[in-house]
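Going by my numbering, the first residue of the sequence shown is number 1, and it counts up by one from there. Glycine residues also receive a C-beta, built at the ideal position from the N, C-alpha and C atoms. Every value quoted in this text rests on a predicted model; they were computed, and no experiment measured them. Structure first, commentary second.
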Amino acid sequence: MKKHIILFTAVILLSACSAIKVTTDYDIQVDFTKYKTFAFYKPSIDKADVSDLDKKRILRALETELLAKGFIKSENPDMLVSFFTKSRERVDVNQSNVGFGWGWGWGWNPWMMNGGMNNVNVSQFTEGTLFVDFIDKEKKELIWQGIGTGALRNENRDKKEERIKEFVKEIVSRFPPEKK
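So, in structure tokens, the structure goes:
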């Protein structure tokens, strides 16, 4: 029984760490159907706090996702695409108490007098946030922002590349916003 609980807890922790939470914000007065072309806004991207290799990975992933949505990369674009990043260390402490037998009432069980299991799981990881900005080129105004937050892992290059693609895909999938 204890092995099943530990395995279940590990699965929950791993799934929680792999999830990417995405939020978006945008200007409700913008007609997003007029945007057909894009280019990257290099001055802003150069300031992103990631390695040059990761910048290239993010740029490739953004380009791939935008092209798949039907946008065209252009020297004279309708919108500019930029990104920046943040990260922080996180510590999660999860406690689970599991007992045996039947009890009466809330919080009382005669069969659990030191007979239950108490598992405490502590995990430390880096949480990364990727901000993707779409800017109207003519007005020089932010029109849409997608923010993806999730666990980052120190992994090999291939897994890192996949994680970046996953972040970008989740964020860009929310663009353009649906009409209400």
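Among LYS69, GLU161 and LEU152, which residue has its Cα nearest to the Cα of THR33? The sequence position of residue 33 within the sequence shown is 33, counting from 1. Closest option to THR33, Cα to Cα, is LYS69.
Indicate the three-state DSSP secondary structure (helix, strand or coil) for ASP158 in the structure shown. Translated into the one-based positions of the sequence shown, residue 158 becomes position 158. Looking at ASP158 - three-state DSSP - the assignment turns out to be helix.
Can you tell me where the alpha helix (DSSP H) with THR23 in it begins and where it stops? Translated into the one-based positions of the sequence shown, residue 23 becomes position 23. It is not in any alpha helix (DSSP H) - THR23 instead sits in the beta strand (DSSP E) that spans 20-26.
Of all the options ASN94, GLU127, ILE135 and GLY146, which has the alpha carbon lying nearest to the alpha carbon of ASN121? One-based indexing of the sequence shown puts residue 121 at position 121. Here the closest residue by C-alpha is ASN94.
Output yes or no for whether 8 Å exceeds the beta carbon distance between LYS174 and VAL50. On the sequence shown, residue 174 is found 174 positions in, with the first residue counted as 1. On the sequence shown, residue 50 is found 50 positions in, with the first residue counted as 1. The displayed chain sequence assigns Arg, not Lys, to residue 174. No. Outside cutoff.
Nearest-angstrom Cα separation, counted from PHE167 out to LEU142: Taking the sequence shown and counting its residues from 1, the one referred to as residue 142 is at position 142. Taking the sequence shown and counting its residues from 1, the one referred to as residue 167 is at position 167. Each residue's Cα considered, the two are about 21 Å apart.
Less than 8 Å between the C-beta atoms of GLU170 and ILE58, yes or no? Counted from its first residue, the sequence shown places residue 170 at position 170. Counted from its first residue, the sequence shown places residue 58 at position 58. Result no, Cβ atoms of GLU170 and ILE58 do not sit closer than 8 Å.
Between the alpha carbons of MET79 and LYS42, how many angstroms are there, rounded? The sequence position of residue 79 within the sequence shown is 79, counting from 1. The sequence position of residue 42 within the sequence shown is 42, counting from 1. C-alpha separation (whole angstroms): 13 Å.
For LYS160 versus ALA61, is the C-beta distance shorter than 8 Å? Looking up residue 160 in the sequence shown gives position 160. Looking up residue 61 in the sequence shown gives position 61. Contact flag unset, no.
Per-residue DSSP class, three states only, for VAL93: Here residue 93 corresponds to residue number 93 of the sequence shown, with the count starting at 1. Note: VAL93 maps to strand in three-state DSSP.
In chain order, what residues of the same chain lie with their CB nearer than 6 Å to the CB of THR24, ignoring the 5 residues before and after it? For this step, residue 24 is matched to residue 24 along the sequence shown. Counting only Cβ-Cβ distances below 6 Å, and skipping sequence neighbours, we find GLY146 and ARG174.
6 Å CB neighbourhood of THR149 in its chain, flanking five on each side removed: Within the sequence shown, the letter at position 149 stands for residue 149. Within the same chain, THR149 has close Cβ partners LYS21 and THR129.
In whole angstroms, give me the CA-to-CA distance for GLU155 and ASP133. On the sequence shown, position 155 is the one that residue 155 refers to. On the sequence shown, position 133 is the one that residue 133 refers to. So the two alpha carbons sit approximately 27 Å from each other.
With hydrogens ignored, establish whether the beta-carbon of ASP46 is closer than 7 Å to any heavy atom of the ligand FAD. Of the ligands one can find in the structure shown there are none, so the ligand FAD has no counterpart to examine.
Under the three-state reduction of DSSP, which class applies to SER173: helix, strand or coil? Taking the sequence shown and counting its residues from 1, the one referred to as residue 173 is at position 173. Residue state, collapsed to three classes: coil.
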